[in-house]
Amino acid sequence: MSQPLEHRDTPAVSGDILLKGAGYGIRMIFPESGSEDKLLTDLEKLFEEASLLSGNLGVVLDFQGRKVSRYFIQKLLSDFIWSRRMKILSWISLDGETLDDLRSMGVATGEPVPERSGKKEKTAGNALFLARSLRSGQRVEHEGDVIVIGHVNDGAEVFASGSICVWGKLKGLAHAGLDGGEDHTVVAGLFEAKQVRIGGKVSSSLGSSMEWWGKPVIITLENNSLVVRELKL
Amino acid sequence: MITSGKGGVGKTTTTSNISVALARAGHKVVAVDADIGLRNLDVVMGLENRVVYNFIDVLEGTCRLNQALVRDKRVDNLFLLPAAQTRTKDAVSAEQMEELCAMLRKEFDFIILDSPAGIESGFRNAAVGADEALVITTPEVPAVRDADRIIGLLESMGKSPIRLVINRLRGRLVREGEMLDVRDVLDILAIDLVGIVPEDESVVKSANRGEPLTFGDSAPAAHAFQRIASRILGETVPFPDFSEEQGKGFLAGIRKFFGRKE
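Laid out in structure tokens, this is it:
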């Protein structure tokens, strides 16, 4: 894993929950060992001491490689996040099962992007809805999200500063996060594209040998790598 | 108009054969070579030695339309309007092509425009004057992608209907999974199919001889072009399945004998 964050050098492997300041707010790093009950008790104490956890400051929950139970996630939600109105920006885990559970909850699981000062979030309320297919040579560029109810054929191009959702086949080029935003997503009802881009990252070596080729997929940018997952609804 | 995007997929062959088939069905037809500077239609139709004027001469007032039209003596009601070989595509404007098509509409039942390859001015000028389009593609990925590009441009120009001819289909390669089949192509291009023409050596021979296949009735491609002409005339003609053996080979013979279809 190529995790570029500085606190990886001094990971909270055991012991206490660590709080670190970051550009987006606070990163709450959970130790990889120790019981979940102890963590819940520690959290109670932490909240008594650190009033800044409640309020408008964004918090990233970083579970590192720890396997987190669904019970623990539920307790976190009910006893801390909802009751204390915490603003959670993202849930980060390096453990596969935990990550799958978090994704199935539909929460953000990527590294948060610091808010760009003076720049409005472009995706909010600014989606382009196209109820047709894009043929070769046709190009759509939009500030915001793009939803194509149709196919994006080979040779067609969709560029969006936000995310891109193609209900039909994606065979052409999709570039989400055109302004460099890396928390955007490309979704395709059937993926057969030779290249896909999110932010400044360009996929390489996509082809029919991939197990998700020709299937519905969701593509995200995680730890500076494009990750393709089969979309099972 | 007959167009394709990619070159070499059979626009001129299709133009000549459909023109002959429509004329043989009793309609007054003119085949117009819109490929200025790279004219071929006169050769493929076997009329090059009778070309005197071309349609640029008509537009520039050097001759009258009737002087530029070359009548095909092999069939009634078939004419060729040749392109200029010594000029470039910039020699005509879109307005002039519209003017030419308006002149021809008064005289003919069908005006078949053989468009140049590409998406530049030559294609656009040909498209401006046309009502309908036949897009030709071979079942190969690059050709299909170019056809998709052309269809997008034709749609944006409001041409309708835009129909598809799949040319040079090789049943054996389709069966072996080495060639896109008709369904794959239609899936990508999503327009109405008007014809499937099988790969046929006699097309090459006929082009060299200057005798469009539809003057005869024997070649498989000739039948295919005749079926396309019938469909253009509004007839309902079933599509044969070219992915099956066309009566060739030992096994096909046995299947045929037992009346079995796979």
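From first to last, the protein sequence lines stand for chains A and B.
If you read the first sequence in our numbering, its first letter stands for residue 309, the second for the next number, and so on.
If you read the second sequence in our numbering, its first letter stands for residue 68, the second for the next number, and so on.
Every residue, glycine too, gets a C-beta built ideally from N, C-alpha and C.
Min CB distance residue i to chain A below 9 Å
{"i": "B/A257", "result": "yes"}
{"i": "B/I299", "result": "no"}
{"i": "B/E222", "result": "yes"}
{"i": "B/I218", "result": "yes"}
{"i": "B/I186", "result": "yes"}
For residue i, three-class secondary structure by DSSP
{"i": "A/D370", "result": "strand"}
{"i": "A/H483", "result": "strand"}
{"i": "A/T493", "result": "coil"}
{"i": "A/E449", "result": "strand"}
{"i": "A/G515", "result": "coil"}
{"i": "A/G404", "result": "helix"}
{"i": "B/K95", "result": "coil"}
{"i": "B/M246", "result": "coil"}
{"i": "B/P228", "result": "coil"}
{"i": "A/C473", "result": "strand"}
{"i": "A/E327", "result": "The identity of residue 327 of chain A in the sequence shown is Leu, whereas the question assumes Glu. The answer is strand: DSSP assigns A/L327 an E or B state."}
{"i": "B/R117", "result": "helix"}
{"i": "B/G219", "result": "helix"}
{"i": "B/D267", "result": "coil"}
{"i": "B/S86", "result": "helix"}
{"i": "A/L385", "result": "helix"}
{"i": "A/R411", "result": "helix"}
{"i": "B/A200", "result": "strand"}
{"i": "B/V304", "result": "coil"}
{"i": "B/R138", "result": "strand"}
Same chain, Cβ closer than 6 Å to residue i, neighbours up to 5 away in sequence not counted
{"i": "B/M170", "result": "L132"}
{"i": "A/H483", "result": "F467 and R505"}
{"i": "A/A416", "result": "S398"}
{"i": "A/D350", "result": "I325"}
{"i": "B/D259", "result": "R230"}
Residues near residue i in its chain [Cβ-Cβ closer than 7 Å; skip 5 each side]
{"i": "A/Q503", "result": "L481, V510, S511 and L514"}
{"i": "A/G463", "result": "S444, G445 and G480"}
{"i": "B/A88", "result": "T281, F292, Q293 and A296"}
{"i": "B/A274", "result": "T80 and V111"}
{"i": "B/P209", "result": "K73"}
Same chain, Cβ closer than 8 Å to residue i, five either side skipped, listed in chain order
{"i": "B/G277", "result": "V110, V111, M112, G113, L114 and E115"}
{"i": "B/E174", "result": "K95, V97 and L132"}
{"i": "A/L529", "result": "G418, G485, E490, D491, H492, I506, G507, K509 and V535"}
{"i": "B/E207", "result": "M246 and L247"}
{"i": "B/L240", "result": "M246"}
{"i": "A/G497", "result": "V474, W475, G476, K477, L478 and P524"}
{"i": "B/T70", "result": "K78, S182, F190, A193, A194, A200, L201, V202, I203, I217 and L221"}
{"i": "A/E500", "result": "K477, L478, K479, S516, W521 and G522"}
Contact list for residue i against chain B, beta-carbon separation under 9 Å
{"i": "A/D462", "result": "V208, V211, R212, D215 and I255"}
{"i": "A/G329", "result": "Per Cβ cutoff of 9 Å: no residues; A/G329 is ~51 Å from chain B at best."}
{"i": "A/Q372", "result": "The contacting residues do not exist; A/Q372 stays about 46 Å from chain B at best."}
Minimum Cβ-Cβ distance from residue i to chain B less than 9 Å
{"i": "A/H459", "result": "yes"}
{"i": "A/G426", "result": "In this prediction, A/G426 scores a pLDDT of 40, lower than 50, which makes its location untrustworthy; the coordinate-derived value is nonetheless stated afterwards. Not one chain B Cβ lies under 9 Å of A/G426."}
{"i": "A/K502", "result": "no"}
{"i": "A/K523", "result": "no"}
{"i": "A/K346", "result": "no"}
{"i": "A/K479", "result": "yes"}
Reference residue i; option with closest CA among the options
{"i": "B/P279", "options": "B/C130, B/V142 and B/Q134", "result": "B/V142"}
{"i": "B/D102", "options": "B/I85, B/R216, B/K78 and B/V125", "result": "B/K78"}
{"i": "A/R374", "options": "A/A439, A/V456, A/W521 and A/I325", "result": "A/I325"}
{"i": "A/K383", "options": "A/L442, A/G333 and A/E344", "result": "A/E344"}
{"i": "B/E266", "options": "B/A197, B/V125 and B/G238", "result": "B/G238"}
{"i": "A/D487", "options": "A/M394, A/E449 and A/E340", "result": "A/E449"}
{"i": "A/D453", "options": "A/P339, A/I472, A/D387 and A/D403", "result": "A/I472"}
{"i": "B/G153", "options": "B/I186, B/N107 and B/I179", "result": "The sequence shown places Thr at residue 153 of chain B, rather than the Gly named in the question. Residue B/N107 is the option with its Cα nearest to B/T153."}
{"i": "A/G557", "options": "A/V376, A/F355, A/F437 and A/S469", "result": "Here chain A covers residues 309 to 541 and nothing more, so residue 557 of chain A does not appear."}
{"i": "B/E166", "options": "B/L126, B/D254, B/V119 and B/I229", "result": "B/L126"}
{"i": "B/T303", "options": "B/P287, B/P149, B/V261 and B/A286", "result": "B/V261"}
{"i": "B/I299", "options": "B/A158, B/L231 and B/A151", "result": "B/L231"}
{"i": "A/R392", "options": "A/L365, A/G522, A/F499 and A/G342", "result": "A/L365"}
{"i": "A/E405", "options": "A/W390, A/Q372 and A/F499", "result": "A/Q372"}
{"i": "A/E357", "options": "A/L327, A/Y332 and A/M518", "result": "A/L327"}
{"i": "A/R335", "options": "A/L348, A/S533, A/V494 and A/L369", "result": "A/L369"}
Residue i: contacting residues in chain B (beta-carbon distance under 7 Å)
{"i": "A/R443", "result": "D215, R216, I218 and G219"}
Beta-carbon neighbours of residue i, restricted to chain B and to distances below 8 Å
{"i": "A/Q446", "result": "G219"}
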